[in-house]
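Worksheet: the structure to be examined is printed underneath.
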Ligand code: PEP
Ligand code: MN
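Structure representation (structure tokens):
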């Protein structure tokens, strides 16, 4: 997968019928940026009793179709050894390990053992929780069985606040993954982050600005009629337009290097000041702890906390900062302050 940027994976959430598959692959074959077609064959569903994918039958349709599109590679999700055996038997060039599978090391082990010795591209989606080590662990299990073309896929995280998305992108997590695994290509799956069509273009541009290596986008010939993830799929034409308007940044550009260096130094100085202020603030929290103990007051004072938060939000607004962002920071600071106070009480 290394080389071309952005590496483009696109296709339906699920293969629904031979006709739907034929229609979408035909259309995608006319989008020159597309390298690989994604097609869900086995679908992990939250609730039972709904469409769970066409299974082996879908693989048969894909295998038939592949002969007419030699320039395209195909991939599907695998969650069990049996899925891997079938995917390989029907000539899939790639597989992806879904979010729910990455979360379970037993399943990752089963899937990767079944992949041992194959040359397919293996895409590892992050688990629903923002645990970078769980993500890396799945990548390591792929490497351990000798897989060479391993790629991470960022599909967002299911956290307390999803920020208006189906899964919060928490960009700091894939950024940390890049820091820990600089050679590992990372794709962005804006479809499962967004959960709806509207934010997809902006998410894709953000991913490119952050230096992601490629994309996995859900594309359906008639999104509103899709059996799964109808709200977040786009048409092949919409994909085409999106890719044409995309500005791809080069990560290793030397342009403006001197200027960047100066600005980074400025950031370093400001960060140092921020940390000093934080340390001073926690010092005051320690003093407060003593006073509360003398007065026999509870460490956590909900009314004071509510007022503080409202005030900080107002100040943030005056300073041109996003109040939600500032609130999140203060939630973290407050949690630490409570922790310090509890520790001092012993
Ligand atoms: C999918 O790609 O269709 C899918 C089920 O994704 P995830 O594992 O990221 O939820
Ligand atoms: Mn989907």
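Residue numbers (my numbering): 2 to 347. Quick reminder that beta carbons are idealized off the backbone N, C-alpha and C, glycines included. Only a predicted model underlies this, so the values are computations on that prediction, with no experimental measurement involved.
{"Check": "Jot down the residue ranges of each uninterrupted beta strand (DSSP E) in the segment 244-330, minimum 3 residues, whole runs only, in chain order.", "Outcome": "none"}
{"Check": "Going straight from the alpha carbon of residue 61 to that of residue 271, what length do you get?", "Outcome": "59 Å"}
{"Check": "Report whether the distance from the Cβ of residue 193 to the nearest heavy atom of the ligand MN is below 7 Å.", "Outcome": "yes"}
{"Check": "Quick one: using the 10 Å Cβ neighbour count with 16 as the cut-off for buried, is residue 111 buried or exposed?", "Outcome": "buried"}
{"Check": "Bridge partners of residue 188, per DSSP?", "Outcome": "154 and 215"}
{"Check": "Quick check on DSSP: helix, strand or coil for residue 43?", "Outcome": "coil"}
{"Check": "Determine the extent of the alpha helix (DSSP H) in which residue 110 is found, giving its start and end residues.", "Outcome": "106-116"}
{"Check": "Mind checking whether the beta-carbon of residue 229 lies closer than 7 Å to any heavy atom of the ligand MN?", "Outcome": "yes"}
{"Check": "So does the segment 183-196 actually touch the segment 229-236, counting three or more Cβ pairs closer than 8 Å?", "Outcome": "yes"}
{"Check": "Once DSSP output is grouped into helix, strand and coil, what is the label at residue 51?", "Outcome": "coil"}
{"Check": "From the DSSP output, read off the bridge partner residues of residue 97.", "Outcome": "78 and 124"}
{"Check": "So what's residue 209 in DSSP terms, helix, strand or just coil?", "Outcome": "helix"}
{"Check": "Confirm, please, whether the CB-CB distance from residue 140 to residue 114 is below 8 Å.", "Outcome": "no"}
{"Check": "With a 10 Å radius around its C-beta and 16 neighbouring C-beta atoms as the bar for buried, classify residue 268 as buried or exposed.", "Outcome": "exposed"}
{"Check": "Does any C-beta atom of chain D lie closer than 8 Å to the C-beta of residue 117?", "Outcome": "The structure shown contains no chain D, having only a single protein chain."}
{"Check": "For residue 17, I'd like the list of residues in its chain whose CB is within less than 6 Å of its CB, leaving aside the five on either flank, ordered along the chain.", "Outcome": "228"}
{"Check": "Going by DSSP in three states, residue 11 sits in which element: helix, strand or coil?", "Outcome": "strand"}
{"Check": "Based on Cα-Cα distance, which residue from 171, 133, 159 and 168 lies nearest to residue 348?", "Outcome": "Any question about residue 348 goes unanswered here, given that the chain covers just 2 to 347."}
{"Check": "Could you give the residue range of the alpha helix (DSSP H) that holds residue 365?", "Outcome": "Within the shown structure, residues of the chain are numbered from 2 to 347, placing residue 365 beyond reach of any answer."}
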